[in-house]
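Visitor: Here's a structure for you.
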Amino acid sequence: MPHILIVEDETIIRSALRRLLERNQYQVSEAGSVQEAQERFSIPSFDLIVSDLRLPGAPGTELIKLGEGKPVLIMTSYASLRSAVDSMKMGAVDYIAKPFDHDEMLQAVARILRDRQNAQSQPAERPAKASGADKSVIDNCNGEIGIIGSCPPMQDLYSKIRKVAPTDSNVLIQGESGTGKELVARALHNLSKRAKAPMISVNCAAIPESLIESELFGHEKGAFTGASAGRAGLVEAADGGTLFLDEIGELPLEAQARLLRVLQEGEIRRVGSVQSQKVDVRLIAATHRDLKSLAKIGQFREDLYYRLHVIALKLPALRERGPDVNEIAHAFLARQSARVGRTDLKFAPDAEQAIRHYTWPGNVRELENAVERAVILCESPEISAELLGIDIELSDLQDDDFIGLGPQQGISSGNTSHDPTEDLSLEDYFQHFVLEHQDHMTETELARKLGVSRKCLWERRQRLGIPRRKTGVTSEG
9 MPHILIVEDE TIIRSALRRL LERNQYQVSE AGSVQEAQER FSIPSFDLIV SDLRLPGAPG
69 TELIKLGEGK PVLIMTSYAS LRSAVDSMKM GAVDYIAKPF DHDEMLQAVA RILRDRQNAQ
129 SQPAERPAKA SGADKSVIDN CNGEIGIIGS CPPMQDLYSK IRKVAPTDSN VLIQGESGTG
189 KELVARALHN LSKRAKAPMI SVNCAAIPES LIESELFGHE KGAFTGASAG RAGLVEAADG
249 GTLFLDEIGE LPLEAQARLL RVLQEGEIRR VGSVQSQKVD VRLIAATHRD LKSLAKIGQF
309 REDLYYRLHV IALKLPALRE RGPDVNEIAH AFLARQSARV GRTDLKFAPD AEQAIRHYTW
369 PGNVRELENA VERAVILCES PEISAELLGI DIELSDLQDD DFIGLGPQQG ISSGNTSHDP
429 TEDLSLEDYF QHFVLEHQDH MTETELARKL GVSRKCLWER RQRLGIPRRK TGVTSEG
């Protein structure tokens, strides 16, 4: 079981992070400062150190030297992002911006530990025969990130990544939620001439619309209420490296205009400034939405769309990848088994069949969550299909089943200008419908309108982060 040290002076954040990691089968120790960590622990004995950048006394970057080669993940707020990039130059393995969500932290921790394990075993195992999953990672991504799979669409994608990565061309990665678009972006960065420079990842949907321009482009002192000091933005922090904009379809039109200037002129202007400054940034964008359709209805700038669409990479959905799904499931099983110290676990025949034939609307992310849950709950050596928690009603559900739930069934989008499903994905539509109707419908009514079971509705709420609201709707038993 990997042993992680958390160094964070804010007790609430430290405790919450500890609980999160322990729930996911990590052994955790904690300290409030670098000095306390030195006094209480042998820092090089940990598998990973997660530290805040700004600490009382010495900064978190001191742990890079004290860790004697052990990976250090730096946590920082957007306001000090430039310092986080500097810390990577000092030897930190990666940074994560506050506030972060749980999935983001868990993915970063898992990736760092996996990369470290691969690096340790690589010299001894490279000459030996690699497993199917390991071989696809080594062959297709030079061992730098874990893209698993060898179906024809993925082989085509790997070929395009190798051709595109060395260039400075803008890239648009398209694919459903959970297919691994950020992994493709990391592969493009790691295989490019910018690999030693920072890759700044930004989820455009996670930053409030009122702050997005300031976060991306920076601002001057006094530019708006609360701007007590000027600071650099994320585009500036990516200077010399790669800027990855996930969910770019959520970017407001005003910010799109500023981004277009970056692409056309290679320069930015901070909010509240009259002066521009040059930046050298390679842009990679990702979306699960149809930007061309959004451009037609005025929700996305057409000129920006064509600037982004220089190279388009399409990630197939998991249901389109044939036997890859079982290969990926086995890789997740091996990883989760190692976390909990189990060496006897395997999928039962019914689980193998269910994995292969289930439609996986949440794609790779849903598969990983299902395997993790099954490993934690499994009491025998074999994981059954039931333990995976696959809802057969959802398995048979296609996009058309949701799209068929139009106004004739009492669903009102609140926007009469166009059909709400014209530019929404299945998950967008689900989220849109639940948020609009949960105040006046019971869970049973919501599930019935959506054509799914209550269990399916609950699981989708969990996966999409849609909490149940306490309303005046009559409760159910």
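Start counting the sequence shown at 9; every next residue gets the next number (my numbering). All C-beta atoms, glycine included, are put in the ideal place defined by N, C-alpha and C. If you're wondering where the values come from, they're calculated on a predicted model, not measured in any experiment.
If you draw a straight line from the alpha carbon of Arg-170 to that of Leu-199, how long is it in whole angstroms?
Guide: Start at 1 with the first residue of the sequence shown, and residue 170 comes out as number 162. Start at 1 with the first residue of the sequence shown, and residue 199 comes out as number 191. As the crow flies, the alpha-carbon of Arg-170 is around 7 Å from that of Leu-199.
Visitor: By Cβ distance below 6 Å, which residues in the same chain neighbour His-552 in space, the five residues on each side in sequence not counted?
Guide: No answer is possible for residue 552: the residues shown for the chain start at 9 and end at 485.
Visitor: In its own chain, which residues sit with a C-beta less than 7 Å from the C-beta of Tyr-313, not counting the 5 before and 5 after it?
Guide: As a position in the sequence shown, residue 313 is number 305, starting the count at 1. Excluding sequence neighbours, Tyr-313 sits near Leu-299, Lys-300 and Ala-303.
Visitor: Please state whether the Cβ-Cβ distance between Ala-359 and Ile-391 is less than 8 Å.
Guide: The sequence position of residue 359 within the sequence shown is 351, counting from 1. The sequence position of residue 391 within the sequence shown is 383, counting from 1. Their beta carbons are under 8 Å apart, which means Ala-359 touches Ile-391 by this criterion.
Visitor: Starting from Ser-37, trace the alpha helix (DSSP H) both ways and give me its first and last residue.
Guide: Taking the sequence shown and counting its residues from 1, the one referred to as residue 37 is at position 29. Careful: Ser-37 lies outside any alpha helix (DSSP H), inside the beta strand (DSSP E) at 35-39.
Visitor: Can you have a look at Lys-189 and say buried or exposed, based on whether 16 or more other CB atoms are within 10 angstroms of its CB?
Guide: For the purposes of this step, residue 189 is taken as residue 181 along the sequence shown, with counting starting at 1. Label assigned to Lys-189: buried.
Visitor: I need the DSSP call for Tyr-103, collapsed to helix, strand or coil.
Guide: Within the sequence shown, the letter at position 95 stands for residue 103. If DSSP states are grouped into helix, strand and coil, Tyr-103 belongs with the strands.
Visitor: Would DSSP call Asp-408 helix, strand or coil?
Guide: As a first step, residue 408 is located in the sequence shown; it is residue number 400 there, counting from the start. In this predicted model, Asp-408 has a pLDDT of only 37, less than 50, meaning its place in the structure is not dependable; the value taken from the coordinates is given anyway. The answer is helix: DSSP assigns Asp-408 an H, G or I state.
Visitor: Just to confirm my understanding: we take Arg-471, look at its own chain, exclude 5 residues before and 5 after, and list those with CB closer than 6 Å. What are they?
Guide: Locating residue 471 in the sequence shown gives position 463, counting from the first residue. Within the same chain, Arg-471 has close Cβ partners Gly-370.
Visitor: Can we count Glu-16 as close to the ligand HEM, meaning its CB is less than 7 Å from some heavy atom?
Guide: Among the components of this structure there are no ligands whatsoever, and the ligand HEM is therefore not found.
Visitor: Mind checking Glu-275: buried by the 16 CB within 10 Å criterion, or exposed?
Guide: Working through the sequence shown from its first residue, we reach residue 275 at position 267. Under this definition Glu-275 is an exposed residue.
Visitor: Roughly how many angstroms lie between the CA atoms of Gln-416 and Ala-240, to the nearest whole one?
Guide: Numbered from 1 along the sequence shown, position 408 holds the residue referred to as residue 416. Numbered from 1 along the sequence shown, position 232 holds the residue referred to as residue 240. Residue confidence is low: Gln-416 scores 33 on pLDDT, short of 50, so the model does not pin down where it sits. Its coordinate-derived value is still stated next. Distance from the CA atom of Gln-416 to the CA atom of Ala-240, rounded to whole angstroms, is 50 Å.
Visitor: State the DSSP-derived secondary structure class of Ala-214, mapped to helix, strand or coil.
Guide: In the sequence shown, the residue the question calls residue 214 occupies position 206. Ala-214 falls in the coil class under three-state DSSP.
Visitor: Please report the residue range of the alpha helix (DSSP H) in which Ser-23 lies.
Guide: Position 15 of the sequence shown, counting from 1, holds the residue named residue 23. Looking at the DSSP string, the run of the alpha helix (DSSP H) that includes Ser-23 is 19-31.
Visitor: Is the beta carbon of Gln-344 less than 8 Å from the beta carbon of Phe-308?
Guide: The count along the sequence shown starts at 1 and reaches residue 344 at position 336. The count along the sequence shown starts at 1 and reaches residue 308 at position 300. Not closer than 8 Å, so no.
Visitor: Report yes if the C-beta distance between Pro-161 and Pro-324 is below 8 Å; otherwise report no.
Guide: Walking along the sequence shown from the start, residue 161 turns up at place 153. Walking along the sequence shown from the start, residue 324 turns up at place 316. Cβ distance < 8 Å, so Pro-161 and Pro-324 count as in contact.
Visitor: What three-state label does DSSP hand Ser-95 in the structure shown?
Guide: As a first step, residue 95 must be located in the sequence shown, where it is residue number 87. Residue state, collapsed to three classes: helix.
Visitor: Residues in the same chain with beta-carbon distance under 7 Å from Lys-322, minus the five sequence neighbours each way, listed in chain order, please.
Guide: The residue given as residue 322 occupies position 314 in the sequence shown. Hits under 7 Å: Gln-182 and Gly-183.
Visitor: Spatial neighbours of Asp-247 within its chain, please: CB distance less than 7 Å, with the 5 preceding and 5 following residues excluded, ordered by chain position.
Guide: Sequence index remark: in the sequence shown, residue 247 carries index 239 (1-based). Once the five neighbours on either side are set aside, the close Cβ partners of Asp-247 are Val-287, Asp-288 and Val-289.
Visitor: Alpha carbon to alpha carbon, how far is Arg-27 from Gly-65? Give it in angstroms, no decimals.
Guide: As a position in the sequence shown, residue 65 is number 57, starting the count at 1. As a position in the sequence shown, residue 27 is number 19, starting the count at 1. The alpha-carbon atoms of Gly-65 and Arg-27 are separated by roughly 26 Å.
Visitor: Is His-110 helix, strand or coil when you go by DSSP?
Guide: Start at 1 with the first residue of the sequence shown, and residue 110 comes out as number 102. Here His-110 carries a helix assignment [DSSP, helix/strand/coil].
Visitor: Take Gly-257 and list the residues in its own chain whose beta-carbon comes closer than 7 Å to its own, dropping the five residues that flank it on each side.
Guide: On the sequence shown, position 249 is the one that residue 257 refers to. The beta carbon of Gly-257 lies closer than 7 Å to those of Thr-295, Arg-297, Leu-299, Leu-302 and Phe-308 in the same chain, with the five residues before and after it left out.
Visitor: Given this structure, state the Cα-to-Cα distance separating Val-379 from Leu-25, to the nearest angstrom.
Guide: To locate residue 379, count along the sequence shown from 1; it is residue 371. To locate residue 25, count along the sequence shown from 1; it is residue 17. Answer to the nearest angstrom: the Cα atoms are 22 Å apart.
Visitor: Between Glu-112, Ile-120 and His-440, which lies nearest to Val-101 when the distance is taken from Cα to Cα?
Guide: Translated into the one-based positions of the sequence shown, residue 101 becomes position 93. When only C-alpha atoms are compared, the closest one is Ile-120.
Visitor: Would you give the residue range spanned by the beta strand (DSSP E) that Leu-375 belongs to?
Guide: Along the sequence shown, one-based indexing puts residue 375 at 367. No beta strand (DSSP E) holds Leu-375; the alpha helix (DSSP H) holding it covers 371-385.
Visitor: Taking the alpha helix (DSSP H) that Ile-220 belongs to, which residues open and close that run?
Guide: By one-based count along the sequence shown, residue 220 stands at place 212. Segment 220-225, the alpha helix (DSSP H) holding Ile-220.
Visitor: Would you kindly check if the distance between the Cβ of Glu-255 and the Cβ of Ala-213 is under 8 Å?
Guide: Counting from 1 along the sequence shown, the entry for residue 213 is found at position 205. Counting from 1 along the sequence shown, the entry for residue 255 is found at position 247. In contact: Ala-213 and Glu-255 (Cβ atoms closer than 8 Å).
Visitor: Bridge partners for Ala-294 per DSSP, in chain order?
Guide: If you number the sequence shown from 1, residue 294 lands on position 286. Partner(s): Ile-181.
Visitor: How many whole angstroms separate the CB atoms of Lys-73 and Pro-52, which I take to be in contact at a CB cut-off of 8 Å?
Guide: For this step, residue 73 is matched to residue 65 along the sequence shown. For this step, residue 52 is matched to residue 44 along the sequence shown. Not really, about 11 Å apart at Cβ, beyond 8 Å.
Visitor: Considering only DSSP beta bridges, list what Gln-285 is partnered with.
Guide: In the sequence shown, the residue the question calls residue 285 occupies position 277. According to DSSP, which records beta bridges pairwise, Gln-285 is partnered with Ile-276.
Visitor: With respect to the alpha helix (DSSP H) encompassing His-365, which residues constitute its N-terminal and C-terminal limits?
Guide: The residue given as residue 365 occupies position 357 in the sequence shown. Segment 357-365, the alpha helix (DSSP H) holding His-365.
Visitor: Does the beta carbon of Arg-381 come closer than 8 Å to any beta carbon on chain D?
Guide: No chain D appears in this structure, which consists of one protein chain only.
Visitor: Which residue wins for smallest C-alpha separation from Leu-259, given the options Asn-211, Val-58 and Ser-281?
Guide: To locate residue 259, count along the sequence shown from 1; it is residue 251. Nearest option by C-alpha distance: Asn-211.
Visitor: Looking only at its own chain, which residues have a Cβ that is under 6 Å from the Cβ of Gln-130, when we skip the five neighbours before and after it?
Guide: Taking the sequence shown and counting its residues from 1, one reaches residue 130 at position 122. In this prediction, Gln-130 scores a pLDDT of 49, lower than 50, which makes its location untrustworthy; the coordinate-derived value is nonetheless stated afterwards. Correct list: empty, nothing qualifies.
Visitor: Per DSSP, what are the beta-bridge partners of Glu-390 in this structure?
Guide: Taking the sequence shown and counting its residues from 1, one reaches residue 390 at position 382. In the DSSP output, where bridge partners are listed per residue, Glu-390 has Lys-354.
Visitor: Ser-158 lies in the beta strand (DSSP E); which residues open and close that run?
Guide: To locate residue 158, count along the sequence shown from 1; it is residue 150. No beta strand (DSSP E) contains Ser-158, which DSSP labels as neither H nor E.
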